[in-house]
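Accompanying notes for the structure given below.
See below:
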């Protein structure tokens, strides 16, 4: 537990010391195994959300994606079957009418036209289902290829790059560490009596390492009191003016 300065009663002021934490401190990895083909960032570099960080060799996946796309875009049989249906459907309808007239057409000819229409209609439905399946298979191929690209989930600063081109990456291995320190949280532990005087969203100034106070607000009050120390965790959120580093000490005054 982080210590606090002095005792507290509701009628007294007291300073509480805590540690500053970044909004996001991420250890990023890829979900698949592969050889690193490209590293696009270096420590200290600012990146935006969605920006490429590391790319694995994806040549086989790119070929599979292209194969699936070619299959999906090949509509020749589907279009031909649609045109054939336009021809055989009126023939089947005419055959039914003629079969109803005695001696106008043989039953065999009428049945042949009807079966041709049914088979063509069934084949068209089959091709339409096949195209829907090919679209899903293309989406799976695109997702498989995308898994080999590590992108920044949030904007921030790269603090560590743990791999280089040509090295073997495995699922779970930290390739890049990324910190978003645009918003910070000061975490302090204070007596339950002090915590009860606070409420969610309450404005509370924060002093970092003896600097000028920053405008903060209470973002979290733990509903649990630590049994061994009697302290409650409180978090005060504030915008980083650009010079506060996570891990710094901060003070809130009640």
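Numbering (UniProt numbering), first residue to last: 1 to 254. Built from N, CA and C at the ideal position, the CB exists for glycine as well.
Counting along the chain, the unbroken alpha helix (DSSP H) around residue 70 starts and ends at 59-73.
When DSSP reads this structure, residue 184 sits in a beta bridge with 22, 238.
By the Cβ rule, the segment 31-42 does not count as touching the segment 85-94, because fewer than three pairs are nearer than 8 Å. Here the alpha carbon of residue 118 sits roughly 24 Å from the alpha carbon of residue 134. In this structure, residue 198 lies near residue 218, with their beta-carbon atoms less than 8 Å apart. When rounded, the separation of the alpha-carbon atoms in residue 179 and residue 159 is 7 Å. Distance from residue 17 to residue 251 at the Cβ level is roughly 5 Å; contact confirmed, criterion being Cβ atoms closer than 8 Å.
If you look at residue 129, you'll find it in the alpha helix (DSSP H) that goes 107-146. Excluding residues up to 5 positions away in sequence, 181, 182, 184 lie with their Cβ nearer than 6 Å to the Cβ of residue 240 in the same chain. Put simply, the backbone Cα of residue 61 is about 9 Å away from that of residue 148. In the DSSP secondary-structure assignment, residue 243 is not bridged to any residue.
Across the set 186, 164, 166, the C-alpha of 186 shows the shortest separation from the C-alpha of residue 213. Cβ-Cβ distances below 8 Å link residue 45 to 157, 158 in the same chain, with the five nearest sequence neighbours on each side left out; the list follows chain order.
DSSP places residue 38 in the uninterrupted beta strand (DSSP E) bounded by 34-39. Annotated as distal: residue 47 and residue 169, with beta-carbon spacing of 8 Å or more. Residue pairing from DSSP places residue 205 in a beta bridge opposite 215.
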